[in-house]
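K.L.:
Just passing along the structure, written as C-alpha coordinates.
Residue numbers (this note's numbering): 31 to 101.
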(Lines of atoms letter the chains of each structure in order from A; the text may use other names.)
(Lines give C-alpha, C1' and ligand atoms only; values in the text may rest on other atoms or scores of the structure.)
Protein backbone atom coordinates (compact mmCIF):
# COMPACT_ATOMS: atom_id res chain seq x y z
CA UNK A 31 0.00 0.00 0.00
CA UNK A 32 1.40 3.37 -0.94
CA UNK A 33 1.33 6.48 1.21
CA UNK A 34 -0.50 8.59 -1.36
CA UNK A 35 -2.57 11.41 0.04
CA UNK A 36 -5.22 13.59 -1.50
CA UNK A 37 -4.88 17.34 -1.13
CA UNK A 38 -8.41 18.65 -0.68
CA UNK A 39 -9.26 21.86 -2.53
CA UNK A 40 -12.01 24.21 -1.39
CA UNK A 41 -14.15 23.01 -4.31
CA UNK A 42 -13.74 19.39 -3.23
CA UNK A 43 -14.71 20.21 0.35
CA UNK A 44 -17.76 22.15 -0.80
CA UNK A 45 -18.97 19.32 -3.03
CA UNK A 46 -18.45 16.79 -0.23
CA UNK A 47 -20.40 18.92 2.24
CA UNK A 48 -23.26 19.47 -0.21
CA UNK A 49 -23.36 15.78 -1.10
CA UNK A 50 -23.60 14.78 2.56
CA UNK A 51 -26.22 17.47 3.26
CA UNK A 52 -28.45 15.98 0.54
CA UNK A 53 -28.34 12.58 2.24
CA UNK A 54 -30.25 13.10 5.48
CA UNK A 55 -29.84 9.51 6.65
CA UNK A 56 -26.15 10.27 7.24
CA UNK A 57 -26.68 13.11 9.71
CA UNK A 58 -30.37 13.37 10.69
CA UNK A 59 -31.08 11.29 13.82
CA UNK A 60 -34.81 11.42 12.99
CA UNK A 61 -34.40 9.90 9.54
CA UNK A 62 -35.85 6.40 9.28
CA UNK A 63 -32.60 5.14 7.67
CA UNK A 64 -30.21 6.80 10.15
CA UNK A 65 -29.28 3.44 11.71
CA UNK A 66 -29.10 1.62 8.37
CA UNK A 67 -25.34 1.04 8.10
CA UNK A 68 -25.60 -0.68 4.71
CA UNK A 69 -27.43 2.28 3.21
CA UNK A 70 -24.91 4.75 4.66
CA UNK A 71 -22.02 2.69 3.29
CA UNK A 72 -23.64 2.69 -0.15
CA UNK A 73 -24.24 6.45 -0.04
CA UNK A 74 -20.66 7.20 1.01
CA UNK A 75 -19.36 4.93 -1.74
CA UNK A 76 -21.55 6.74 -4.31
CA UNK A 77 -20.31 10.12 -3.09
CA UNK A 78 -16.70 8.90 -3.33
CA UNK A 79 -17.26 7.59 -6.86
CA UNK A 80 -18.94 10.83 -7.93
CA UNK A 81 -16.08 12.91 -6.56
CA UNK A 82 -13.56 10.55 -8.10
CA UNK A 83 -15.06 11.14 -11.53
CA UNK A 84 -15.31 14.91 -11.01
CA UNK A 85 -11.74 15.37 -9.83
CA UNK A 86 -9.96 12.50 -11.57
CA UNK A 87 -9.05 10.65 -8.40
CA UNK A 88 -8.54 6.90 -8.65
CA UNK A 89 -10.24 5.05 -5.81
CA UNK A 90 -8.65 1.97 -4.33
CA UNK A 91 -10.53 -0.55 -2.23
CA UNK A 92 -8.40 0.24 0.80
CA UNK A 93 -9.06 3.96 0.51
CA UNK A 94 -12.57 3.59 1.89
CA UNK A 95 -12.02 0.98 4.58
CA UNK A 96 -13.26 3.41 7.22
CA UNK A 97 -16.70 3.25 5.63
CA UNK A 98 -17.06 -0.26 7.05
CA UNK A 99 -17.15 1.26 10.54
CA UNK A 100 -20.14 3.48 9.75
CA UNK A 101 -23.24 2.47 11.57
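Idealized CB from N, CA, C, for every residue including glycine.
Please go through the same chain and pick out, in chain order, the residues whose beta-carbon is closer than 6 Å to the beta-carbon of residue 63, but skip the five residues on each side of it.
P.N.:
55 and 69
K.L.:
Once the 5 residues before and after residue 58 are set aside, which same chain residues still bring their CB inside 8 Å of it?
P.N.:
64
K.L.:
My output table needs one value for residue 82: the three-state DSSP class, helix, strand or coil.
P.N.:
helix
K.L.:
Measure the C-alpha to C-alpha separation of residue 71 and residue 40 and round it to an integer number of angstroms.
P.N.:
24 Å
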